[in-house]
Structures are given as C-alpha cells and as structure tokens.
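Accompanying notes for the structure given below.
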Ligand code: F6R
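Residue numbers (our numbering): 45 to 658.
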C-alpha cells in the first residue's frame, strides 16, 4: 500500500529509484514520482499512471543526481492525479516528503496551517505533513540535526500511520525516514544507503538490511546511517542479511508474476515442509512456536485471525485442526476481531496469518490480543515484517517473495502449515502414529501432486476461456473445500472483475438457487470424498435449472463427466490434502479468464498487495 524508495550514495539516483519503484509497484500503482537533489535544487518529477509514465517523463525531462526520494501511490486521500502524486513540498518549496499511511488528523492540521498562511496544491494528507515538518524546521533551525528535530516535532502532533522519507535543500545528501504502522527498511551498502518499504526494492544493490520499528527515525547519507527513536532512549538494531536475490522477485520467462507464483507451488510447499516432518515420530515440528509441548497440550481453543486470502487459509485450518486434533477453532476477520470483545482465556492460542506481515488490520488485531495478555503466534511469509517481529512466536512460510497482487503460493503454503499444525496438535493428543503417518505421507506427496495439476494447465485454460463472458459465477464446495470455493471466487473477482460468490454446496437451496440460469455458471468442487453424493445432488439441482456446471473432480471419475458441462480433474489424494490441491485449478481458472479478458493480472484495479491502512 504505497511504496517508498530513497537513496543517498554515488549512483544515478533516478535509476535506483525507478528500478526500486518498479519492484514495489505491487504496493500501489495509480501514480508515482520522485525528487532528486541535482546539485543546485531538489528537482521534482511526478505523474499519474503506472511507473512507465514516470519513466517517460524522466526520458523527456531527465534529472541528474545521487540523492533522492520516490513513491508509488495507492490513493487514500484525493484522487489519482499529477497534483496528488508524491513527493510533496512544504511551504518554502525546499523540503520534499513522500509518505505511506494515513494522517488521521490532517484536516485539523491543515486548517491550522492555512490560518497561518500555508497554501496547498493537493488534496492529500501527505502535503499537510510536508508543510507541518517544514514549519517545524523553521522552528528547529538552531538544533544539532534540524531536519530530524523538525520531523520529531511534527510527528508528535500527528495521529495515524506513516512511513516517510524527507529531504531538504539545506542538507543535500541527507534523507530522513520515520515509521509508525507502515514498514520502512534501511538498506546498508558501501558508501550508499537506502530506505524502502520492502526489501524487494533493495536486493539488486544490497542484501544487508535493518528493519525499523515503529517510532524509529533514521538519517541516511552517503557516509552512513543513524537510528534514533521518538519514544525510547535505548534503541537496538541489527543488520539482517536477506537470503534471496533479485531473480526471485522477477518474472523470468512467465508473462505474469501470478502465473510464475502458481507454478512455483511445488517448490514453495516443499519449502514449507522442509525440516518440519518427522517420520520417526509421525508428526510435525516447528522450531519457532516458542511453546513447550506441555503448554501446547493445554491449548483448548484456537483463534485464527487474518484478512482476505490468508483468512481463507485459516478456514481450511479450522476444518483440519478440528478433524485431526479435536481442538475447537474459530476464524475471525482481523478487522472485526480488533474491535470486538471476543472472549478468550489463558488456554486460547491466537494465530495471526499474513503473507506480508504488514496488513494493518491483522497487525492491530494482534496488538489487541497481546495487550490483553494473550499469546499471539504469527504465520507469515515476509521475514522481518512487523507481525513476524511482534508475535510471540510463529511459523514462516519460506515461500519466497510473492509479487502478484493476487495471493496464490502464500495461500497453499499457509494451508499446508495449518495441515502440519493439525498433525502436530493431533499427535500431542489422541492421534495414533498410524494416522499420523498417513497424514505425513500425504503432505510429503503434495508437491508432486500439485505438479500433476500444473501439467494440465492447458486443459484448464481451454475450460476457463469458455466462461470468460460470464457476468457472475457461483463457487460451491463442502467442508474444507468451502473455503477453497471462497478463495476461487475471490481470485476471479479480484483479477477478472467478474462477480463471484461462494457457498457451502448445500446452502444453494436456501436462497441462492433463485439465481441459477443458463447465464450463471457454477463451479462445484466435487472430489470423491465422504460428501461426494451430496455434491452430486447439488449439481443435479443446478442442472435441472439449466445452469452450466464446471466440476473440479477426482481423476477417473467418469460418472460426473456425464452430468456437467466441463470437468477439471485433479489426482486422487488423501482427503487431508485434497482442498489444498483443489486450490490450484481454481487459481489457474481465474488467471486464464483474466488474461482472456485483457485484465492487468498482476496489478488489478483498486488493489494493492500489502494493505497497510485500515
Ligand atoms: C487476495 C489477497 C488479499 C490478502 C489480504 C491479506 O488475493 O491477496 O486478500 O490475502 O490483503 O494480506 P496478507 O496476507 O499480506 O496479510
């Protein structure tokens, strides 16, 4: 949700900034801009539209320098326009600022500043912050580090969230950053230093990074960095080395990141499993939970909280944990949990699931849970993310960077982690070694089964393209395939803009059936499991009303083929991994429809990957 890149060093700043922004474009893509110190002044270039629009502007009006700040925007306050694009200047025109987050009291601050003669060019909360910092700068001119002092003085007046980078003409070479609620990372190079919202913007230049904490304020220049805190006297930081390189975050030969990430799933699942299964004990192990087996056995209720796709993975987990470990599980939208008073006792374990580890609602829900004294465990992909750092323990997905805005590989990794957790909790309780081994074996086989589904991609494309003209679609599934249906519907909505709804199959007759017509295709997840016959009845109900049906069915099921319009087959697997496997054709189904419709698959309209505002 908005991306920041800032640079101070010896390279051509525009190249570093534009390349970094391109890597962050998944965070927002309605406008972008940069400011570079050109030796005489701070030069501004900004443009509505994708980053290639900014590149075109820079080609026509180049700017040379080795220090700069930049931003790719996901609009919160004010429409996407050139004027609202960042950076923004203060009243003096000498201070430039980029911002990720929301200044909640910007209206009051703006009125006060306007009464003092400040004039604004945009409708953004960010420009208000730039003016406020500029005003504080005038008041702090005598201070030792006046720019840092001004930012501190301004930020104490602000309510809301921010990740910022600021430069001032009086201090060429210096950039000051600060964060509260929006991620900001320092990149440590040799005689060059960076700030960015995400390591993906930095890995082409350095693998050494420092994850800033909330209320940190950092000053970088070509000579080094200094980190201070708005709230703490002692503030320790460590350099972390990122263990993947720029290739992991590039598309390679794939036309879209989403397709690349779908095809990475045999590997990403393998990474989630690696070192966590014990055939000797027929169980799973997790190094980072920070809980003794005795404490784990005392857990008598699990609360999973997350947003969007991550919440669907939590719902898969609900079915699996209840089935294998007999622990009651509840899944709650993080945006709801944070504002409700959900009863919890000391034996409730809370899992916060987030690919990015930065989602504002998930983070706030986790902080609320922790404030009440409960233990919060994270299931995250991004190492060094705020949720990963603030949780009491947790499990990393190790899925590698997920750049496509539509989550794919993170979902199947999260669901696999839940499956392994169900095995672990089950084996700490009543689950026999024999059943444990059956589950373990199914998990081990999952990557190759996923590969088998991926090998049928071409057939899935042909089916999908037939339905690209639909205005709306229904997705049905039972038990753990119900959240898979929800995930399939979400994928279709977000990347192809086709309306889709998901229901547990049997709910059809309680109202939704009124929608069935030849114009409304229904996708039914119908493996040969314990509820196969029930699903078949639901298919008959749709067909009786002339609704087209696509079935996701078990390989070899010739019976279903006669009943439905199209079948997508998946290999026969143990029921515990079936839902995870079924997610793959649904991802591909949505992908091919979106491509057929000419949609921008990796950057769907109105979305951004990491939702760091409420
Ligand atoms: C959907 C999607 C979103 C995210 C949600 C949570 O494809 O990507 O629904 O799943 O915004 O994001 P994380 O997992 O980063 O907390």
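Think of the CB as a built atom: it goes at the ideal place given N, C-alpha and C, for glycine as much as any other residue. All values reported here derive from a predicted model rather than from experimental measurement.
- With a 10 Å radius around the Cβ and a threshold of 16 neighbouring Cβ atoms, residue 413 comes out buried.
- In terms of Cβ geometry, residue 126 and residue 91 form a close pair [threshold 8 Å].
- Cβ neighbours of residue 466 within its own chain (closer than 6 Å, five residues either side excluded): 364, 365, 368 and 369.
- When beta bridges are read from the DSSP output, residue 517 appears opposite 544.
- Distance from the CA of residue 239 to the CA of residue 228, rounded to the nearest whole angstrom, comes to 7 Å.
- The beta carbons of residue 563 and residue 640 sit no closer together than 8 Å.
- Per DSSP, reduced to three states, the secondary structure at residue 87 is strand.
- With 16 or more other CB atoms across the displayed protein chains lying within 10 angstroms of its CB, residue 568 is buried.
- Looking at the DSSP output, residue 117 bridges to 75.
- Within the same chain, 456, 457, 460, 490, 491 and 494 come within 7 Å of residue 313 by CB-CB distance, once the 5 residues on both sides are set aside.
- Residue 270 is bridged by DSSP to 263.
- Uninterrupted beta strand (DSSP E) stretches at least 3 residues long and entirely within the segment 320-359 occur at 345-350, given in chain order.
- With a 10 Å radius around the Cβ and a threshold of 16 neighbouring Cβ atoms, residue 597 comes out buried.
- No Cβ-Cβ contact shorter than 8 Å links residue 386 with residue 421.
- Taking each of 187, 293, 230 and 172 in turn and checking the Cα distance to residue 202, the smallest one comes out for 172.
- The continuous alpha helix (DSSP H) containing residue 504 extends over residues 501-510.
- Here the alpha carbons of residue 538 and residue 351 stand approximately 14 Å from one another.
- Residue 168 has its alpha-carbon roughly 14 Å from the corresponding atom of residue 162.
- Each of 97, 153 and 81 was checked against the Cα of residue 108, and the nearest Cα belongs to 81.
- Contact between residue 86 and residue 211 is confirmed by a C-beta separation of about 6 Å, below the 8 Å threshold.
- As the crow flies, the alpha-carbon of residue 271 is around 24 Å from that of residue 404.
- In this structure, residue 148 has its CB at a distance of at least 7 Å from all heavy atoms of the ligand F6R.
- Using a Cβ distance threshold of 8 Å, residue 561 and residue 522 do not count as a contacting pair.
- Comparing C-alpha distances from residue 542 to each of 427, 645, 224 and 326 shows the shortest one belongs to 645.
- Note: residue 98 is not bridge-paired with any residue in the DSSP secondary-structure output.
- A straight line joining the alpha-carbon of residue 217 with that of residue 77 spans about 19 Å.
- Contact between the segment 628-636 and the segment 304-313 is present: 3 or more CB-CB pairs across the two stretches fall below 8 Å.
- According to the DSSP assignment, residue 497 belongs to the alpha helix (DSSP H) that extends over 477-498.
- In the DSSP assignment, residue 288 is bridged to no other residue.
- Nearest C-alpha to residue 279 among 266, 261, 296 and 294: 261.
- For the options 149, 182, 622 and 468, the alpha carbon positioned closest to that of residue 340 is the one of 468.
- Looking at the backbone, the Cα of residue 613 and that of residue 409 are separated by about 39 Å.
- Within the same chain, Cβ atoms closer than 8 Å to the Cβ of residue 98 are found at 62, 65, 76, 77, 78, 89, 90 and 91, the five residues on either side in sequence being excluded.
- At a Cβ-Cβ threshold of 8 Å, residue 637 and residue 512 count as neighbours.
- Listed as beta-bridge partners of residue 64 by DSSP are no residues whatsoever.
- One Cα belongs to residue 477, the other to residue 326, and the distance between them is close to 6 Å.
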